[in-house]
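Each step along the sequence shown adds one to the number in the UniProt record's numbering, with nothing skipped, and position 19 is 19.
No residue lacks a Cβ here, since even glycine has one placed at the ideal position from N, Cα and C.
Just so it is clear, the structure is predicted and the values come from calculations on it, not from any experiment.
Please read the structure below before turning to the comments.
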Amino acid sequence: MAVAFLLDPSMNIDDFVGDDDEQVDDQVCILAKRCGLISSTGVAALTAEILSFKCLKRRGGEALRAKYSESSPRDYWGAQSEMKYPLLKKLADIVFAIPTSSAASERAWSIFDHIHSKRRNRLSVEKVEMLAFVYINYGALQKDELDLARHQSCPESVDTEC
1 MAVAFLLDPS MNIDDFVGDD DEQVDDQVCI LAKRCGLISS TGVAALTAEI
51 LSFKCLKRRG GEALRAKYSE SSPRDYWGAQ SEMKYPLLKK LADIVFAIPT
101 SSAASERAWS IFDHIHSKRR NRLSVEKVEM LAFVYINYGA LQKDELDLAR
151 HQSCPESVDT EC
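Here it is as structure tokens:
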């Protein structure tokens with residue numbers, strides 16, 4: 001949570017509570033190691049980027065926060081060049097790609113449940129993932145969304161003709 005707070009350009013890092021400001025540097029490094037972005041030798045470079053980004057946020061003050069208050073942190077980091085903060089940019093891409101609600105997870109489970117039914121319980125994991133990929137992309141190409149409940153109970157009622 002503190003990592004996302006730090007990487008969000010619209011947040012004031014002076015709002016950290018207690019020693020969170022010092023601890024977040026270590027949390028960012030630990031997360032980057034777990035994600036395979038850096039090795040033990042890359043900690044110094046990442047720490048330098050963190051400190052530089054913190055200075056930028058503090059110098060920018062309220063004007064900087066107001067400037068980015070209407071945009072999402074993911075858009076901010078997507079627009080950033082990899083020249084200035086290459087490691088932080090990669091880490092921000094990972095952090096802000098994580099859904100903050102369970103809706104995305106529930107949707108994924110629903111799709112996998114739809115594909116891996118009692119009739120098709122012998123499908124390998126690779127086949128199920130491939131079918132889910134095809135199903136999601138097919139739904140994205142259609143103008144209307146597929147009604148999973150109706151399709152599951154009565155598949156012939158859903159017009160899937162292009």
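In whole angstroms, what is the alpha-carbon distance linking residue i and residue j?
{"i": "Asp25", "j": "Ala63", "result": "24 angstroms"}
{"i": "Lys90", "j": "Ala44", "result": "16 angstroms"}
{"i": "Ala2", "j": "Lys118", "result": "43 angstroms"}
{"i": "Arg120", "j": "Gly61", "result": "57 angstroms"}
{"i": "Leu88", "j": "Leu131", "result": "34 angstroms"}
{"i": "Lys84", "j": "Leu46", "result": "12 angstroms"}
{"i": "Asp20", "j": "Thr41", "result": "24 angstroms"}
{"i": "Ser102", "j": "Ala108", "result": "10 angstroms"}
{"i": "Lys54", "j": "Glu70", "result": "20 angstroms"}
{"i": "Gly36", "j": "Asp113", "result": "31 angstroms"}
So, at 8 angstroms on beta carbons, what are the nonlocal neighbours of residue i in its own chain, with the 5 sequence-adjacent residues on each side left out?
{"i": "Arg58", "result": "Ile13, Asp14"}
{"i": "Gly78", "result": "Asp93"}
{"i": "Pro99", "result": "Ser105"}
In the DSSP assignment, find the unbroken alpha helix (DSSP H) run with residue i in it and report its ends.
{"i": "Gln23", "result": "20-34"}
{"i": "Arg122", "result": "Segment: none, Arg122 is in no alpha helix (DSSP H) and carries neither H nor E."}
{"i": "Leu6", "result": "2-7"}
Answer yes or no: do residue i and residue j have a C-beta to C-beta separation smaller than 8 angstroms?
{"i": "Val95", "j": "Ala32", "result": "no"}
{"i": "Asp138", "j": "Ile111", "result": "Looking at the sequence shown, residue 138 is not Asp but Tyr. Not a contact, by the Cβ cut-off of 8 angstroms."}
{"i": "Val28", "j": "Leu6", "result": "yes"}
Among residues of its own chain, excluding the 5 on either side of residue i, which ones have a beta-carbon nearer than 7 angstroms to its beta-carbon?
{"i": "Glu22", "result": "none"}
{"i": "Gln80", "result": "Lys89"}
{"i": "Arg74", "result": "Phe96"}
Sorted by chain position, which residues of the same chain lie with C-beta nearer than 6 angstroms to residue i's C-beta, five sequence neighbours on each side aside?
{"i": "Pro9", "result": "Tyr68, Tyr76"}
{"i": "Ala104", "result": "none"}
{"i": "Ile115", "result": "Val128, Leu131, Ala132"}
{"i": "Ser153", "result": "Model confidence at Ser153 stands at a pLDDT of 48, short of 50, so the residue's coordinates are unreliable; what they give is reported in the following sentence. There are no such residues."}
Please go through the UniProt domain "HAT C-terminal dimerisation" (52-135) and give each complete alpha helix (DSSP H) segment of 4 or more residues, from N-terminal end onward. 73-79, 86-95, 103-115
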